[in-house]
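Chemist: For the sequence shown, my numbering begins at 47 and goes up steadily by one.
Glycine included, each C-beta is placed from N, C-alpha and C at the ideal position.
Since the model is a prediction, treat every value here as computed from it, not as a measurement.
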Amino acid sequence: MGLADRDYMRWDYNSSAKDESFESHTKEFDNGRFTCTGCGRSYSTKEAAMECFNTHYYEFKGFKDGRRSSSKASRHNKVKSSIKNTASKISKLLWSGVKHITLLCIIGLFVYAFFGSEYSNEIGIGGDFPYHRDYIPYSKASGSQICLTNYNNATDPTWDELIAFLEKDDTDEELYLDNSFICADFAEMLPNNAETSGIKTAWVGVDFIVGEGHALNAFNTTDKGLVYVDCTGERFSPLVMADFNDLGNSVAAECDYDMIAYVSEGREYGLISIEKATSPEYLFYETYTNRWAEFDRKLDAYNSDVESYDNALNGRTTISNSAEYAKLNKMYNDLEIQSTALEQLEKELGMCWWEPLGIVADIEVCW
47 MGLADRDYMR WDYNSSAKDE SFESHTKEFD NGRFTCTGCG RSYSTKEAAM ECFNTHYYEF
107 KGFKDGRRSS SKASRHNKVK SSIKNTASKI SKLLWSGVKH ITLLCIIGLF VYAFFGSEYS
167 NEIGIGGDFP YHRDYIPYSK ASGSQICLTN YNNATDPTWD ELIAFLEKDD TDEELYLDNS
227 FICADFAEML PNNAETSGIK TAWVGVDFIV GEGHALNAFN TTDKGLVYVD CTGERFSPLV
287 MADFNDLGNS VAAECDYDMI AYVSEGREYG LISIEKATSP EYLFYETYTN RWAEFDRKLD
347 AYNSDVESYD NALNGRTTIS NSAEYAKLNK MYNDLEIQST ALEQLEKELG MCWWEPLGIV
407 ADIEVCW
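Right under this line is the structure:
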């Protein structure tokens with residue numbers, strides 16, 4: 047059965063109303079006329095009515111196709127708009143994230159610049175760097191924070207290795223200057239040099255019961271334990287001792303400012319040159335100090351005897367009185383014995399000695 051056979055119907059010749067029911071086949075009314083259901087025109091034959099209806103069918107189909115195409119275009123535009131809106135939202139979200147991250151980075155830089163970290167501002171730990179830097183809460187003469195460069199492969203030295211390093215190092219050759227290079231600067235320079243040489247070193251801060259604090263360093267030797275080292279250079283602590291000679295005169299001594307420090311809470315802060323220090327124990331310092339006191343007493347006695355001998359001799363080159371000669375000769379021989387003993391003691395103690403800096407109240411060691 048053809049499409050036209052189903053979708054057109056015959057109209058009554060005398061009737062203006064359309065039959066409400068579609069017929070599945072073409073029917074002939076009594077008037078013998080055929081009507082196109084698409085436009086209502088009447089034809090004398092069924093074929094003509096079918097041809098007219100077919101024309102309207104394809105127009106209707108085209109209208110539906112056009113409407114379908116329009117619907118597809120509309121949906122396509124909606125998809126494009128949705129994608130565009132989504133992309134815009136993602137872009138805004140990403141830009142907002144970038145701004146927040148940038149702000150956090152700026153805040154972090156300010157915090158780092160102004161506050162740093164007490165001991166844990168480390169660079170290169172766990173990475174490829176052979177060292178890391180630690181900032182400690184103490185200032186140098188310039189006002190900047192102490193920065194220690196600690197090498198990952200640095201190890202604890204033996205006593206002999208430590209002394210050998212100190213003898214080669216030139217930190218103590220710097221001059222102590224109140225406004226440009228103070229004890230904190232010396233205590234920063236020495237460990238950075240030591241760590242570069244593979245020796246693990248600590249920065250040490252000491253407070254005294256009276257007076258300002260002081261800075262030095264510490265090494266944990268494998269054979270003699272913890273050793274404090276003070277390399278603060280010339281002009282910081284005045285020398286007490288001068289060179290002794292057989293004439294009883296004193297001359298300025300040239301001293302090495304690499305010193306072993308003896309630090310213990312509640313006791314005086316003592317120093318001994320590395321040339322004469324053989325132990326880091328505080329008992330060694332006490333024994334050394336007692337021997338210095340003995341040297342001072344003997345030197346005072348020697349100088350007094352020299353003065354007595356000079357007064358008795360009174361500038362004479364010959365003595366005619368045998369008794370007086372014997373007395374002066376004995377005085378001279380006694381002075382020779384005293385001089386020899388003093389020279390031996392000076393050789394053992396060295397020519398340089400520094401007075402204690404004060405009584406230690408507190409010690410802080412920063413590795």
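Using 10 angstroms around the beta-carbon of W400, count the other beta-carbons present and answer buried if the total reaches 16, otherwise exposed.
Modeler: If you number the sequence shown from 1, residue 400 lands on position 354. Under this definition W400 is a buried residue.
Chemist: Is the Cβ-Cβ distance between D346 and D218 less than 8 Å?
Modeler: Walking along the sequence shown from the start, residue 346 turns up at place 300. Walking along the sequence shown from the start, residue 218 turns up at place 172. No, these two residues do not count as a Cβ contact at 8 Å.
Chemist: If you measure between the beta carbons of C398 and W249, is that distance less than 8 Å?
Modeler: Residue numbering aside, residue 398 sits at position 352 when the sequence shown is read from its first letter. Residue numbering aside, residue 249 sits at position 203 when the sequence shown is read from its first letter. Not in contact: C398 and W249 (Cβ atoms no closer than 8 Å).
Chemist: With a Cβ-Cβ cutoff of 8 Å, do A358 and M377 count as a contact?
Modeler: The count along the sequence shown starts at 1 and reaches residue 358 at position 312. The count along the sequence shown starts at 1 and reaches residue 377 at position 331. In contact: A358 and M377 (Cβ atoms closer than 8 Å).
Chemist: Taking 8 Å as the cut-off, decide whether the C-beta atoms of Y181 and T242 are in contact.
Modeler: Position 135 of the sequence shown holds residue 181. Position 196 of the sequence shown holds residue 242. Not closer than 8 Å, so no.
Chemist: For T224, collect the residues of the same chain with a Cβ closer than 8 Å to its Cβ; drop the 5 residues on either side in sequence, then sort them by chain order.
Modeler: As a first step, residue 224 is located in the sequence shown; it is residue number 178 there, counting from the start. In the sequence as displayed, the identity of residue 224 is Asp instead of Thr. Once the five neighbours on either side are set aside, the close Cβ partners of D224 are A187.
Chemist: Are the CB atoms of A307 and V275 nearer to each other than 8 Å?
Modeler: To locate residue 307, count along the sequence shown from 1; it is residue 261. To locate residue 275, count along the sequence shown from 1; it is residue 229. Their beta carbons are under 8 Å apart, which means A307 touches V275 by this criterion.
Chemist: Pop quiz: Y222 and G279 are said to be a contact at Cβ under 8 Å. What is the actual Cβ separation, rounded to whole angstroms?
Modeler: Taking the sequence shown and counting its residues from 1, the one referred to as residue 222 is at position 176. Taking the sequence shown and counting its residues from 1, the one referred to as residue 279 is at position 233. Y222 to G279, Cβ: 5 Å. Contact.
Chemist: Can you tell me whether G170 is helix, strand or coil according to DSSP?
Modeler: On the sequence shown, position 124 is the one that residue 170 refers to. Low confidence applies to G170: its pLDDT is 47, below 50, so where it sits in the model is not reliable, and the reading given next is rough at best. Of the three classes helix, strand and coil, the one that applies to G170 here is coil, per DSSP.
Chemist: Going by beta carbon distance, what residues of the same chain come within less than 6 Å of K319, once the five residues before and after it are set aside?
Modeler: Here the question's residue 319 lines up with position 273 in the sequence shown. The identity of residue 319 in the sequence shown is Ser, whereas the question assumes Lys. Once the five neighbours on either side are set aside, the close Cβ partners of S319 are D302, M305, G396 and C398.
Chemist: Name the two residues that bound the continuous beta strand (DSSP E) containing C44.
Modeler: An answer regarding residue 44 cannot be provided, because it is not within the stretch 47 to 413 covered by the chain.
Chemist: For a test of the three-state rule: what should DSSP assign to Y315, helix, strand or coil?
Modeler: Stepping through the sequence shown from its first residue, residue 315 is reached at position 269. DSSP places Y315 in coil when its eight states are reduced to three.
Chemist: Just to confirm, is the Cβ distance from L208 to T148 under 8 Å?
Modeler: Translated into positions along the sequence shown, residue 208 becomes position 162. Translated into positions along the sequence shown, residue 148 becomes position 102. The Cβ atoms of L208 and T148 lie no closer than 8 Å to each other.
Chemist: I think I192 touches E220, with their Cβ atoms under 8 Å apart; what is that distance to the nearest whole Å?
Modeler: Working through the sequence shown from its first residue, we reach residue 192 at position 146. Working through the sequence shown from its first residue, we reach residue 220 at position 174. Contact flag wrong, Cβ pair sits at about 16 Å.
Chemist: Considering just the uninterrupted stretch of the alpha helix (DSSP H) at T386, what are its terminal residues?
Modeler: Stepping through the sequence shown from its first residue, residue 386 is reached at position 340. Note, T386: alpha helix (DSSP H), S368 to L395.
Chemist: Work out the CA separation of N349 and T335 for me, nearest whole Å.
Modeler: On the sequence shown, position 289 is the one that residue 335 refers to. On the sequence shown, position 303 is the one that residue 349 refers to. C-alpha separation (whole angstroms): 21 Å.
Chemist: Could you compute how far the alpha carbon of N131 sits from the alpha carbon of G154?
Modeler: Start at 1 with the first residue of the sequence shown, and residue 131 comes out as number 85. Start at 1 with the first residue of the sequence shown, and residue 154 comes out as number 108. Cα-Cα distance, rounded: 35 Å.
Chemist: Taking C-beta to C-beta, are L403 and H260 nearer than 8 Å?
Modeler: Taking the sequence shown and counting its residues from 1, one reaches residue 403 at position 357. Taking the sequence shown and counting its residues from 1, one reaches residue 260 at position 214. Yes; because the gap between Cβ atoms is below 8 Å, this pair is in contact.
Chemist: On the CB-based measure, 16 or more other CB atoms within 10 Å of its CB, does I152 come out buried or exposed?
Modeler: Within the sequence shown, numbered from 1, the residue matching residue 152 stands at position 106. I152 comes out exposed.
Chemist: Output needed for T195: all residues of its chain with C-beta closer than 7 Å, excluding positions within five of it in sequence on either side, in chain order.
Modeler: Against the sequence shown, residue 195 aligns to sequence position 149. Result list for T195: Y177, R179, N238 and E241, in chain order.
Chemist: According to DSSP, is I365 part of a helix, a strand, or is it coil?
Modeler: Residue 365 sits at position 319 when you count from the first residue of the sequence shown. It is coil, neither helix nor strand.
Chemist: Sorted by chain position, which residues of the same chain lie with C-beta nearer than 7 Å to D292's C-beta, five sequence neighbours on each side aside?
Modeler: Residue numbering aside, residue 292 sits at position 246 when the sequence shown is read from its first letter. Note that D292 has pLDDT 46, beneath the 50 cutoff, so the model's placement of it is unreliable and the number below is only indicative. For D292, where only same-chain residues beyond five positions count, the Cβ hits under 7 Å are S385.
Chemist: So what does DSSP say about W399, is it helix, strand or coil?
Modeler: Here residue 399 refers to the residue found at position 353 of the sequence shown. Note: W399 maps to coil in three-state DSSP.
Chemist: Would a C-beta distance cut-off of 8 Å place A200 and K246 closer than the cut-off?
Modeler: Along the sequence shown, read from residue 1 onward, the residue named residue 200 stands at position 154. Along the sequence shown, read from residue 1 onward, the residue named residue 246 stands at position 200. It is a contact, given that the beta carbons lie within the stated cut-off.
Chemist: If I measure Cβ to Cβ from D215 and keep anything under 6 Å in the same chain, skipping five residues before and after, which residues do I get?
Modeler: Indexing the sequence shown from 1 puts residue 215 at position 169. Correct list, in chain order: N239.
Chemist: Are Y355 and L381 closer than 8 Å when you measure CB to CB?
Modeler: Reading the sequence shown from its first residue, position 309 is the one you call residue 355. Reading the sequence shown from its first residue, position 335 is the one you call residue 381. Taking 8 Å as the Cβ cut-off, Y355 and L381 qualify as a contacting pair.
Chemist: Of the choices S310, C277 and D351, whose alpha-carbon is the least far from that of E332?
Modeler: The count along the sequence shown starts at 1 and reaches residue 332 at position 286. Here the closest residue by C-alpha is S310.
Chemist: Helix, strand or coil, according to DSSP, for K344 in the structure here?
Modeler: Working through the sequence shown from its first residue, we reach residue 344 at position 298. Collapsing the DSSP output to three states places K344 in a helix.
Chemist: Would you call F175 buried or exposed, if buried means 16 or more other Cβ atoms sit within 10 Å of its Cβ?
Modeler: The residue given as residue 175 occupies position 129 in the sequence shown. Under this definition F175 is an exposed residue.
Chemist: Between G251 and E410, which are expected to be in contact by the criterion C-beta below 8 Å, what is the C-beta distance as a whole number of angstroms?
Modeler: In the sequence shown, counting from the first residue as 1, residue 251 sits at position 205. In the sequence shown, counting from the first residue as 1, residue 410 sits at position 364. Contact holds; Cβ gap of about 5 Å.
Chemist: With H, G and I counted as helix, E and B as strand and the rest as coil, what does DSSP make of A407?
Modeler: The sequence position of residue 407 within the sequence shown is 361, counting from 1. A407 sits in a strand when the DSSP states are folded into three classes.
Chemist: Measure from the alpha carbon of W338 to the alpha carbon of each residue in S226, I383, H146 and K393, then state which is nearest.
Modeler: Position 292 of the sequence shown holds residue 338. The residue with the shortest Cα to Cα distance from W338 is K393.
Chemist: Please state if the CB of S185 and the CB of A230 are separated by a distance shorter than 8 Å.
Modeler: Taking the first residue of the sequence shown as position 1, residue 230 is located at position 184. Taking the first residue of the sequence shown as position 1, residue 185 is located at position 139. Yes, the Cβ-Cβ distance between A230 and S185 is below 8 Å.
Chemist: Give the DSSP-derived three-state secondary structure of C412 in the structure shown.
Modeler: Taking the sequence shown and counting its residues from 1, the one referred to as residue 412 is at position 366. Residue state, collapsed to three classes: strand.
Chemist: Assuming contact is defined by CB atoms lying nearer than 8 Å, are T81 and A95 in contact in what I supplied?
Modeler: Start at 1 with the first residue of the sequence shown, and residue 81 comes out as number 35. Start at 1 with the first residue of the sequence shown, and residue 95 comes out as number 49. Contact: yes.
Chemist: Around the C-beta of A133, are 16 or more other C-beta atoms found within 10 angstroms, so that it is buried, or is it exposed?
Modeler: Along the sequence shown, read from residue 1 onward, the residue named residue 133 stands at position 87. So A133 ends up on the exposed side.
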